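A.B. asks:
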Amino acid sequence: MRVMVTGATTPLGAAIVDRLLVSADVDHVLAIGREREAPAVPGKIAYRHVDLTHARAVHDLVWGQARDLGVGIVIHASQHRRARDVGRSVHDQNVGSTRDLLAACCDHPTITRFVYRSFGEVYAPRHGTAELLDEQAPLDFDPSAPQWIRDRVEADSIVCAAASTRLEVAVLRCAEILAPGVGSQMWDYLTSRVCLRPLGYDPMINVLSVEDAAAAFAAAVGSPAVGVFNIPGYDTLPLSRAIDDAGRAQLPVPGPLMAPLYKLRRQLAGFEFRYELNERRFHFGGVLDGTRARTELGYVPRVPVEWPCSWWRTLLLRLGRLRAEEQT
Amino acid sequence: MDSRTFTRIAHEASFHDAGHGFDVFGLHPPALASVVAYSAPLYERYFRVESSGIEHVPADGPAIVVANHGGTLPIDAGMLCLDLLRRTDPPRIPRAIADRFVPRLPIISTLFARFGVVAGTSANVRRLLADGELIVIWPEGVSGMAKRFRDRYRLQDWNVGFAEHAIRHRAPVIPAAVLGPEESWPLAGKLRRFHAFGAPYLPLPATPLPLPAHYRIVYGPPIRFGALPADADDPAIIGEAADLVRRAVQQLLDDARDARRGIFR
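Taken in sequence, the protein lines are chains A and B.
The numbering used here puts the first sequence at residues 10 to 337.
The numbering used here puts the second sequence at residues 10 to 274.
(1) Under 9 Å Cβ-Cβ, which residues of chain A neighbour A132 of chain B?
(2) Considering only residues of the region 124 to 174 of chain A, which uninterrupted alpha helix (DSSP H) runs meet the minimum length of 4 residues and lie entirely inside it, listed in chain order?
(3) In the DSSP assignment, what residue or residues form a beta bridge with K272 of chain A?
(4) Following the continuous beta strand (DSSP E) through L205 of chain A, name the residue where it begins and the one where it ends.
(5) Quick one: which chain B residues come within Cβ less than 7 Å of Y210 of chain A?
(6) Tell me which residue opens and which closes the beta strand (DSSP E) that G299 of chain A is part of.
(7) Go through its chain and collect everything with a Cβ distance to L89 of chain B's Cβ below 7 Å, but skip five positions before and after it.
(8) Which full runs of the alpha helix (DSSP H) of 4+ residues lie inside the region 55 to 98 of chain A, going along the chain?
(9) With a threshold of 8 Å on Cβ separation, who are the neighbours of G79 of chain B within its own chain once the five nearest residues in sequence on each side are excluded?
(10) In three-state terms, what does DSSP make of F238 of chain A?
(11) Could you check whether the Cβ of D244 of chain A sits closer than 8 Å to any Cβ belonging to chain B?
(12) Select from B:H204, B:G229, B:P115, B:D267 the residue whose C-alpha is nearest the C-alpha of L253 of chain B.
(13) Assuming E192 of chain B is part of the alpha helix (DSSP H), what are its boundary residues?
(14) Round the Cβ separation of T119 of chain B and W194 of chain B to the nearest angstrom and send it over; I've been treating them as touching at under 8 Å.
(15) Under 7 Å Cβ-Cβ, which residues of chain A neighbour H204 of chain B?
(16) With P241 of chain A and G299 of chain A assumed to form a contact (beta carbons below 8 Å), what rounded beta-carbon distance in angstroms separates them?
(17) Go ahead and label D160 of chain A buried or exposed: buried means 16 or more other beta carbons lie within 10 angstroms of its beta carbon, across all protein chains shown.
(18) Is the shortest distance between the beta-carbon of P247 of chain A and the beta-carbons of chain B less than 8 Å?
(19) Scan the region 264 to 287 of chain A for residues whose Cβ lies nearer than 7 Å to a Cβ of chain B and list them as they occur along the chain.
(20) So, under 8 Å CB-CB, L199 of chain A and P313 of chain A are touching, yes? Tell me the CB distance rounded to an integer number of Å.
(21) So, do the region 144 to 151 of chain A and the region 99 to 118 of chain A have three or more beta carbon pairs nearer to each other than 8 Å?
(22) Just curious, the alpha helix (DSSP H) that S131 of chain B is in, first and last residue?
(23) Quick check on V66 of chain B: does DSSP put it in helix, strand or coil?
(24) Measuring straight from C-alpha to C-alpha, what distance separates L143 of chain B and A170 of chain A?
(25) Listing by chain order, which chain B residues have their CB less than 8 Å from the CB of R250 of chain A?
(26) Under 8 Å, Cβ to Cβ, is there at least one residue of chain B near F238 of chain A?
(27) On the premise that V74 of chain B lies in contact with Y224 of chain B, defined as a C-beta separation below 8 Å, what is that separation, rounded to the nearest angstrom?
(28) Near I158 of chain A, which residues of its chain fall below 7 Å by C-beta distance, leaving aside the five closest residues on each side in sequence?
(29) Measuring straight from C-alpha to C-alpha, what distance separates V31 of chain A and I54 of chain A?
(30) Can you tell me where the beta strand (DSSP E) with A197 of chain B in it begins and where it stops?
(31) Return the chain-ordered list of same chain residues with a C-beta closer than 7 Å to the C-beta of A224 of chain A, the five sequence neighbours on each side being excluded.
(32) R65 of chain A to E46 of chain A, Cα distance in whole Å?
(33) What three-state label does DSSP hand Y228 of chain B in the structure shown?
(34) If we define contact as Cβ-Cβ less than 8 Å, is V45 of chain B a contact residue for chain A?
(35) Taking DSSP as the reference, what is the three-state secondary structure of Q259 of chain A?
(36) Less than 8 Å between CB atoms is the rule here; does M195 of chain A satisfy it with respect to chain B?
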């Protein structure tokens with residue numbers, strides 16, 4: 010089979026491409042990225058620079074090179090990563106490109122399957138909803154929600170609506186990927202020396218490694234299953250424990266002070282973390298229930314995340330690992 | 010602290026570890042074991058909890074304990090869960106199902122999660138039963154605690170959701186009666202306009218602290234519904250099953266009240 014991957018130059022996209030390249034079932038990968046220079050990946054891969062915010066460019070890609078190569082499966086993993094950016098161009102990248110790509114794929118002669126990278130953040134955990142969020146959990150349709158969330162909910166809904174077409178659609182709602190360069194709010198939060206935490210709350214969080222996310226996409230490519238799938242990570246733990254594991258100090262502060270304090274931090278130090286994006290999660294938690302992905306896709310998280318430790322802690326951990334490897 | 014109790018619960022009780030010593034709902038057995046060990050004087054000496062029929066609680070597999078509710082604050086729930094933890098062998102961690110406003114309460118929500126309490130949503134209960142857990146439900150909910158003293162030990166509004174889950178998961182229902190909470194800490198009044206953190210009202214207790222009423226817990230024989238899992242969507246079958254359990258709990262309560270010698274003895 011032949012697979013097209015958008016967002017192939019992001020850490021997640023690159024991991025998906027790497028995973029597909031070693032798969033015996035995949036003949037060829039068409040990697041799409043915004044960078045003009047092709048990444049140096051040997052093997053059965055073609056790279057193309059495309060700006061997916063232009064509907065014409067998307068159409069020409071799908072009905073041109075993708076058709077010529079006989080691409081059968083599209084993985085759409087290209088989203089704007091910086092939470093600070095807002096506005097029309099961000100919306101175009103998150104929602105417009107998804108809509109255009111889906112429209113181009115619907116009546117395509119070779120493309121039969123569309124796998125979309127969605128986010129666990131589309132859910133609206135609040136009191137009264139389950140701590141464990143299955144695929145039927147309520148989505149965050151709050152019009153006052155930040156654009157970062159609204160865009161993701163809108164794009165997710167667009168893809169879910171395409172389930173009625175002849176295209177096989179699989180939506181993978183991934184837990185937060187904790188890694189640098191993937192737009193992880195939690196990563197940015199944990200890079201701070203002192204992590205503020207809402208006083209009186211210590212919710213359960215679940216984080217996903219890039220390797221597990223790539224494994225989930227590879228499983229979705231190889232499976233005929235359609236619909237929405239939650240993709241949880243290996244690590245499920247309280248927020249306070251995550252802060253400890255990252256070697257950071259934690260300071261509980263009253264909830265209403267969290268947003269202004271982190272806004273100040275963002276303005277002074279230029280960090281990405283926005284408390285308003287994470288407020289519900291920091292109060293009520295919300296762990297994705299991966300039962301459906303396990304039973305229908307065969308996806309089981311296996312790789313723990315690497316916490317964003319300080320340089321000396323990272324060094325110590327790596328030395329410890331090297332020593333253990335030497336001993337074995 | 011009773012180290013034997015701590016060791017027994019922290020190391021022998023089984024739970025579904027999500028990888029860091031916590032389950033997905035936030036249960037942390039060492040935290041639970043600590044509170045059980047520290048609360049031993051309350052359980053043994055202050056309320057002098059006596060229980061019978063613990064053999065009716067299955068040693069493994071999904072099961073639902075259904076009990077009456079009463080008193081100003083849910084001390085009866087605490088004593089029932091303590092009793093289940095201490096008297097089951099090997100210890101089974103009871104997963105108490107709390108009202109939906111509980112996760113909004115600061116500090117309490119976190120503590121309850123560590124002790125195994127789970128918010129009462131259908132998805133949570135479904136997952137727990139699918140995992141073969143022992144859950145404890147108070148179908149009266151807040152109305153059980155908000156009732157007047159003269160209505161003590163008379164079951165109030167009875168939610169039927171537990172019956173649906175019991176039928177769907179073929180889980181036995183163990184009716185339980187808890188005697189003592191209504192006299193231990195009666196409710197004097199309610200501030201109905203107080204809804205901080207989603208609480209339905211602010212309770213005003215008749216006494217500043219709970220009185221040392223003698224707690225008696227009686228577990229009845231398990232009830233196994235003959236209905237098939239496919240019948241779990243039929244409101245008539247669910248209503249009938251829930252009513253059967255309600256009558257069983259009321260009967261246990263009436264029998265236990267008749268048998269007791271006094272409130273504090």
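The beta carbon of each residue, even a glycine, is placed where N, CA and C say it ideally should be.
Please read these numbers as outputs of a predicted model, since none were measured by experiment.
C.D. replies: Result, derived from the coordinates:
(1) Ordered by position in chain A, the residues that pass the 9 Å Cβ test against A132 of chain B are T138, A139, E140, L141, L142, D143, Q145, A146, D298.
(2) Within the region 124 to 174 of chain A, the complete alpha helix (DSSP H) runs of at least 4 residues are 156 to 170.
(3) According to DSSP, residue pairing for K272 of chain A in a beta bridge does not occur.
(4) From DSSP, the beta strand (DSSP E) with L205 of chain A extends over 203 to 207.
(5) Close to Y210 of chain A, with beta-carbon spacing below 7 Å, are these residues of chain B in chain order: P115, S118, T119.
(6) That residue, G299 of chain A, is in no beta strand (DSSP E); it is neither H nor E in DSSP.
(7) For L89 of chain B, same chain residues with a beta-carbon under 7 Å away, outside a window of 5 residues either side, are A76, V145, A185, V187, I226 in chain order.
(8) You should have 64 to 70.
(9) The beta carbon of G79 of chain B sits closer than 8 Å to those of D85, G153, M154, K156, R161, Y162, V187, P190, E191, all from its chain and outside the five residues before and after it, given in chain order.
(10) Secondary structure at F238 of chain A: strand, using DSSP grouped into helix, strand and coil.
(11) For D244 of chain A, the answer is yes, since a Cβ of chain B falls inside 8 Å of its Cβ.
(12) Nearest Cα to L253 of chain B within the set B:H204, B:G229, B:P115, B:D267: B:G229.
(13) Where E192 of chain B is concerned, the enclosing alpha helix (DSSP H) stretches over 190 to 193.
(14) The pair is not a contact, with the Cβ atoms about 24 Å apart (cut-off 8 Å).
(15) Simply none; closest approach about 13 Å.
(16) Taking 8 Å as the upper bound for CB-CB distance, P241 of chain A and G299 of chain A are in contact here, some 4 Å apart.
(17) Buried: at least 16 other Cβ atoms inside 10 Å.
(18) P247 of chain A counts as touching chain B.
(19) Listed by position, the residues of the region 264 to 287 of chain A near chain B (Cβ gap below 7 Å) amount to none.
(20) By a beta-carbon distance limit of 8 Å, L199 of chain A does not contact P313 of chain A. Their separation comes to about 14 Å.
(21) Flag = no, the region 144 to 151 of chain A and the region 99 to 118 of chain A do not touch.
(22) For S131 of chain B, the enclosing alpha helix (DSSP H) has its first and last residue at 131 to 139.
(23) Looking at V66 of chain B - three-state DSSP - the assignment turns out to be coil, as it is neither helix nor strand.
(24) Straight-line Cα distance between these residues: approximately 39 Å.
(25) Near R250 of chain A (Cβ distances below 8 Å), the residues of chain B are H29, F31.
(26) No, because no Cβ of chain B sits closer than 8 Å to the Cβ of F238 of chain A.
(27) Between V74 of chain B and Y224 of chain B the Cβ distance is about 16 Å, and since that is not below 8 Å, they are no contact.
(28) Hits under 7 Å: E130, D149, L286.
(29) In this structure, the alpha-carbon of V31 of chain A lies about 11 Å from that of I54 of chain A.
(30) Start and end: 196 to 200.
(31) Counting only residues of its own chain and dropping the five nearest sequence neighbours on each side, A224 of chain A has a CB closer than 7 Å to the CB of R28, Y308.
(32) If you draw a straight line from the Cα of R65 of chain A to the Cα of E46 of chain A, it comes to about 21 Å.
(33) Taken through DSSP and simplified to helix, strand or coil, Y228 of chain B comes out as strand.
(34) No - not a single Cβ of chain A is within 8 Å of the one on V45 of chain B.
(35) Strand.
(36) No, no contact with chain B.
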